[in-house]
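Here is the structure we will look at, set down as structure tokens.
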Amino acid sequence: MGQEEMVTPGEVLGKATEVKAGKGTYVAKHNGFVYASLTGLLRTVSPPPESPDQRPTVEVTGHKAHGAVPEPGSVVIARITKVMARMASADIMCVGPKSVREKFTGTIRQQDVRATEIDKVDMHLSFRPGDIVRALVLSLGDARAYFLSTAKNELGVVSAESAAGGTMVPISWTEMQCPLTGQIEQRKVAKNES
Amino acid sequence: MMYSDIGRLNCNVSYTTFAAPVRGQGSDHKEFSSMLHKALEGVIILETFPKTTVDVFALVLESGGSDLPVVVSCASLALADAGIMMYDLVASVSVSCLGKNLLIDPVLEEESYQDGSLMIACMPSRYEVTQLTVTGEWSTSKFNEAMQLCLDASAKLGEIMRSCLKEAASATQE
Amino acid sequence: MRNWTELLLIYRYIYIYRMVGLSEGEKEFIKGGIAQDLRSDGRKRHTYRPIYVETGVIPQANGSARVRLGATDVIASVKAELGKPSSLQPDKGKVAIFVDCSPTAAPMFEGRGGEDLSAELSGALQRCLLGSKSGAGAGIDLSSLVVVEGKVCWDLYIDGLVVSADGNILDALGAAIKAALSNTGIPRVNVAAGAANDDQPEVDISDEEFLQFDTSGVPVIVTLTKVGKHYIVDATSEEESQMSSAVSISINRQGHICGMTKRGGLGLDPSVILDMVSVANFVSRQLFDKLDSEISAAEADEDES
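Chains as they are written, first to last, in numbering that gives the first Met the number 0: chain A, 0 to 193; chain B, 0 to 173; chain C, 0 to 304.
Structure representation (structure tokens):
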């Protein structure tokens, strides 16, 4: 790790031939310099010894804590709000370990619920409104919502409440059981990391 | 909301009713919003904000002359403070021409007697002009002189803006 | 290999059916052509499209003109009404410039869609023609509009209408306003003598005699559009869609800058701006000559008909 100093947007951090542009920086095409694009602390990260590109990376971390924004490829925690015949709507609450500040909506389409037999998926047997799911962001989606997917073993319902009001316990990848009544309800359950 | 794969910028400049010396006056400020938009749109890296709109609202509490340059510089400081990714800060200065004299950063009274004015918004570190307006009659040599004056002033203003940002950022760190 | 003119005709045909949405190939074609000083319609970088001027198109207005610049078609009309000068400048008349983008020019101008563009054009024209607040550097001589100092003056309302938009609307409007002003006749006003100092004097507007407006000081507007490394004059709307930025410069006969606005887009190096000013100076001289000859031809036609 290198020394830390405060930089502002537009300050020259180095030449593109000597340093790599990390987060919070950009390379100007016309003169090949690396400039900062945020106000914050500058850090120089040394490259891992085996990589072919031996240039250190410069990064600027913003001084204001930003709410996270879902990006394609990130894992999010969302709460299901609506379940319809071919899709479910969810409110995204966390991106990775950070919670979001603004409201983001995600959609889980029927074909993205699981990896096998995607045309035979029954949405009401996979999710119920109020369930907390772990999902992967597929893309920015359309004007209204991001597209999410639970088509992996470790994705799906993480926590759900039964009709009686108790927090259910997962018993298989399709079933969860209520501890109060013993009733079994169908969900697309996420596999716990063990 | 329209879907777009780069971010969008939305600017609005408004005056309070008590901003002008005579209450309620101030009619040529309708185009300030679009001018602020033009000054800032080349500076924000909109590709990093897909499907998002950045709203900039400027409210002038008291108008004492040279309003638009102050609004532009202030807006760029606000954006830097918000953590929006930008290519550079925008420093903006205006010059008034009274007879043969060039006055930098005119006050309201000087502006009402001016024969011409030149406003420049530029990125000090990259030395690029993002917005430029000229009114009145200028000979080419005078125009060159005024532009040079503005650019030098913007560079100095840029330095002050940077030190101000660094101070504020270090204060929040502690 | 297709004939060059045939290719141009087909290109035009496709354009009429599609307002926006150029393919990558077409964008490269436009940029490459400009870099090689040969634009899609065969022009060089600093050549204007053929300009057609008609004057007196609106008989009820004091002055009017219609200018066609390629497919861009604009109409400017000047109406004069008697009014009271402002207390800050009692020896000057008043001029107001408004631009309206008609929905026939582009479907997106319907309703409030054209408002932003209209406001921008009105602002730019006011800056170019009316000079600064103290009135210095104005292309239009406002003191010629005063009838009785402090009491009665002419208010000129200049209205521009964009009928068809194919790029470079500002230059066309500037030319149309110049033509309309040279076509404008201000009626002669007889002031009743012996009026008391405080009262509004009696005025008698003559129907017969008209004073031609003096337009020697009116500047022309040259818009330079930067595409890649080069600037072009009189861009069509396709070329404008590929621009990185544009600067509109208003220059009068003496070669002085009367107003300048940078329109949108990315940042420009200051040396580029200075270079643009000298290019605009050069181009404006040709434009002045062309416009003056067109305007006198149009007025001659009008007198005959």
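Cβ atoms here follow ideal geometry from the backbone N, Cα and C, with glycine treated the same way.
Values in this document were obtained by computation on a predicted structure and should not be read as measured data.
DSSP places valine 21 of chain B in the coil class of the three-state scheme, outside both helix and strand.
Distances from the CA of lysine 37 of chain B to each of C/Glu53, C/Ala75, C/Ile248 and C/Gly263 were compared; the closest alpha carbon is that of C/Gly263.
Within the same chain, and ignoring the five residues on either side of arginine 48 of chain C in sequence, the residues whose Cβ sits closer than 6 Å to its Cβ are Leu68, Gly69 and Asp233. A straight-line Cα-Cα distance of about 14 Å links alanine 174 of chain C and glycine 62 of chain C. Here arginine 143 of chain A is exposed: its Cβ has fewer than 16 other Cβ atoms, across all protein chains shown, within 10 Å. Per DSSP, reduced to three states, the secondary structure at glutamate 30 of chain B is coil, with no helix or strand assignment. What leucine 60 of chain B touches in chain A, judged by beta-carbon distance under 8 Å, is nothing: the nearest beta carbon there is about 24 Å away.
In the DSSP assignment, asparagine 30 of chain A falls outside any beta strand (DSSP E), carrying neither H nor E. Less than 9 Å separates the beta-carbon of valine 59 of chain B from that of serine 13 of chain B.
By the neighbour-count definition (other C-beta atoms within 10 Å, threshold 16), proline 51 of chain A is an exposed residue. Fully enclosed alpha helix (DSSP H) runs of no fewer than 4 residues occupy 66-81 of the region 56-90 of chain B, in order along the chain. One finds Ala79, Met84, Met85, Tyr86, Asp87 and Leu88 in chain B with Cβ atoms closer than 8 Å to the Cβ of proline 8 of chain A, taken in chain order. Shown here, arginine 48 of chain C sits in coil according to DSSP, grouped into three states, outside any helix or strand. Only buried fits asparagine 251 of chain C, as 16 or more other CB atoms lie within 10 angstroms of its CB.
Scanning chain A for C-beta atoms nearer than 7 Å to the C-beta of leucine 164 of chain B yields Thr7 and Thr38, reported in chain order.
Here DSSP, grouped into helix, strand and coil, assigns threonine 171 of chain B to helix. For isoleucine 272 of chain C, no beta strand (DSSP E) run applies; the uninterrupted alpha helix (DSSP H) run containing it begins and ends at 269-303, by DSSP. Of the candidates A/Pro128, A/Met83, A/Val156 and A/Val26, the residue whose Cα lies closest to the Cα of alanine 15 of chain A is A/Val26. Per DSSP, the unbroken alpha helix (DSSP H) holding glutamate 25 of chain C starts and ends at 23-34. Straight across, the Cα-Cα distance linking glycine 181 of chain A with isoleucine 79 of chain A is about 23 Å. Taking 9 Å as the cut-off, the Cβ atoms of cysteine 100 of chain C and serine 85 of chain C do not count as close.
Taking 9 Å as the threshold, the shortest C-beta distance from aspartate 151 of chain B to chain A does not fall below it.
Neighbours of tyrosine 126 of chain B across chain C, judged by C-beta separation under 8 Å: Asp268 and Pro269. Lysine 155 of chain B has a beta carbon lying at 9 Å or more from every beta carbon in chain C. Between arginine 54 of chain A and lysine 19 of chain A the beta-carbon gap is near 5 Å, inside 8 Å, which marks them as a contact.
Against chain C, the beta carbon of threonine 134 of chain B has neighbours under 7 Å at Arg126, Gly130, Ser131 and Gly258, listed in chain order.
Glutamine 113 of chain B is classed as buried because its beta carbon has at least 16 other beta carbons within 10 Å across all chains shown.
Closer than 9 Å to the CB of asparagine 280 of chain C there is at least one CB belonging to chain B.
Exclusion of the five residues before and after serine 121 of chain C leaves Ile96, Phe97 and Val98 as the residues of its chain whose Cβ lies within less than 7 Å of its Cβ. Look at aspartate 54 of chain B: its C-beta is not under 9 Å from any C-beta on chain A. Ranked by Cα distance from valine 73 of chain C, the first of C/Ile204, C/Leu172 and C/Gly166 is C/Leu172. Counting only residues of its own chain and dropping the five nearest sequence neighbours on each side, proline 123 of chain B has a CB closer than 6 Å to the CB of Ala90, Ser153, Ala154 and Gly157. What histidine 62 of chain A touches in chain B, judged by beta-carbon distance under 8 Å, is Gly82, Ala168, Thr171 and Gln172, going in chain order. Residue burial annotation: valine 21 of chain B is exposed, with fewer than 16 other C-beta atoms found within 10 angstroms of its C-beta. A contact between stretches requires three or more CB pairs, one per stretch, nearer than 8 Å, and the region 44-55 of chain B fails this requirement with the region 93-106 of chain B. Within chain A, the C-beta atoms nearer than 8 Å to that of isoleucine 44 of chain B come from Tyr25 and Ser36, in chain order.
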